[in-house]
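Visitor: The structure follows.
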Amino acid sequence: MSRTLRLFLRRFALNESGAFLVEFAVVVPIMLFLLFGLIDFARLGLANVMADKATAKAVRMAVVRPVVCPGVPRVVNRGLLGQLSLDQRNGTSCTARTGLCEDSGTISCTGSLSNATAADIWAQVRPMMPTGAGPENLRFSYGFDASLNRVGTAYAPVVTVDIVDLTFDFISPLGALADFAAGSSGSTLGQSYTFASMSASLPSEDLR
1 MSRTLRLFLR RFALNESGAF LVEFAVVVPI MLFLLFGLID FARLGLANVM
51 ADKATAKAVR MAVVRPVVCP GVPRVVNRGL LGQLSLDQRN GTSCTARTGL
101 CEDSGTISCT GSLSNATAAD IWAQVRPMMP TGAGPENLRF SYGFDASLNR
151 VGTAYAPVVT VDIVDLTFDF ISPLGALADF AAGSSGSTLG QSYTFASMSA
201 SLPSEDLR
């Protein structure tokens, strides 16, 4: 190898004029990923807090408004044993005797703008819900509780409002990491994050 070639290779090995550009090209994407990741998780945290407040407000409204779901009884009827309990007058607590009142179970449905109560509730909680959410992301449930009801009186269920099928769109490809942290599987980079279950319950006050 000639002396000239050796000098050229030595100068090439010691030349650092392009090192900054290489380092910049490697470091900047990582820094941007971390920056947008912090912004995304801050947005997700805020969205979770606001959605939780939305369920609390929705259930406070639902307990004093007409029912959203069809099939919810208006009156507490006697159960099979209650029909034989003639010594128990109307107005007697359902806890007075097992089977005294008919247990209607839990009746659930999702919100819809076609329902006046759901539309009214949605109008109030919409500013607190993430972008892309709709009334169908609110599920209303009406459950029987013997301690709240009396034979032959107006039905007073426990009202529950859940957030269902609600997703959060990331601006960075972190959806898979969020879903992985939440314990789900089969996530792919960049997908939306599915909100964890949120619900709030209160005993009804007046469903007329």
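If you count the sequence shown from 1, position 191 lands on 191 in the UniProt record's numbering, and the numbers rise without skipping.
In this text, a Cβ means the ideal position worked out from N, Cα and C, and glycines have one as well.
Among the residues of its own chain, which have a CB less than 6 Å from the CB of isoleucine 107, if the five just before and after it don't count?
Guide: So the qualifying residues of the chain are Cys69, Gly71, Val72 and Tyr142.
Visitor: Span of the beta strand (DSSP E) holding threonine 106?
Guide: First-last of the beta strand (DSSP E) with threonine 106: 106-110.
Visitor: Could you have a look at phenylalanine 36 and say whether DSSP puts it in helix, strand or coil?
Guide: Helix, per DSSP.
Visitor: Identify every residue that forms a DSSP beta bridge with methionine 198.
Guide: According to DSSP, which records beta bridges pairwise, methionine 198 is partnered with Ile163.
Visitor: If you count every other CB in all the chains shown that lies within 10 Å of the CB of valine 59, and 16 or more means buried, which is it?
Guide: Counting Cβ neighbours within 10 Å, valine 59 comes out buried, since at least 16 surround it.
Visitor: Alpha carbon to alpha carbon, how far is phenylalanine 144 from glycine 45?
Guide: Cα to Cα, the separation comes out at about 34 Å.
Visitor: Whose CA, out of Pro157, Phe36, Asp162 and Val26, lies closest to the CA of serine 199?
Guide: Cα-wise, what sits closest to serine 199 is Asp162.
Visitor: Just mark asparagine 137 as buried or exposed, buried being the case when its beta carbon has 16 or more other beta carbons within 10 Å.
Guide: Burial call: buried.
Visitor: I'd like the list of long-range same chain contacts for aspartate 103, defined as Cβ closer than 8 Å, with 5 residues on each side in sequence excluded.
Guide: Excluding residues within five positions, the ones whose Cβ falls inside 8 Å are Gly79, Phe144 and Ala146.
Visitor: Whose C-beta lies closer than 8 Å to the C-beta of threonine 131 among residues of the same chain, with five residues either side of it excluded?
Guide: The residues are Asp169.
Visitor: Helix, strand or coil: which one does DSSP assign to serine 147?
Guide: Helix, per DSSP.
Visitor: When the Cα of proline 66 is compared with those of Ala119, Leu35 and Leu7, which residue comes out closest?
Guide: When only C-alpha atoms are compared, the closest one is Ala119.
Visitor: Return yes when the Cβ of proline 203 is within less than 8 Å of the Cβ of leucine 148, no when it is not.
Guide: The answer is yes: Cβ separation under 8 Å.
Visitor: Which whole-angstrom value describes the C-beta separation of valine 75 and tyrosine 155, a residue pair presumed to lie in contact below a C-beta threshold of 8 Å?
Guide: So it is a contact: roughly 6 Å between Cβ atoms.
Visitor: Alpha carbon to alpha carbon, how far is leucine 86 from valine 158?
Guide: In a straight line, the C-alpha of leucine 86 is about 27 Å away from that of valine 158.
Visitor: Grab the span of the alpha helix (DSSP H) containing aspartate 120 for me, first residue to last.
Guide: Element bounds for aspartate 120: 116-125.
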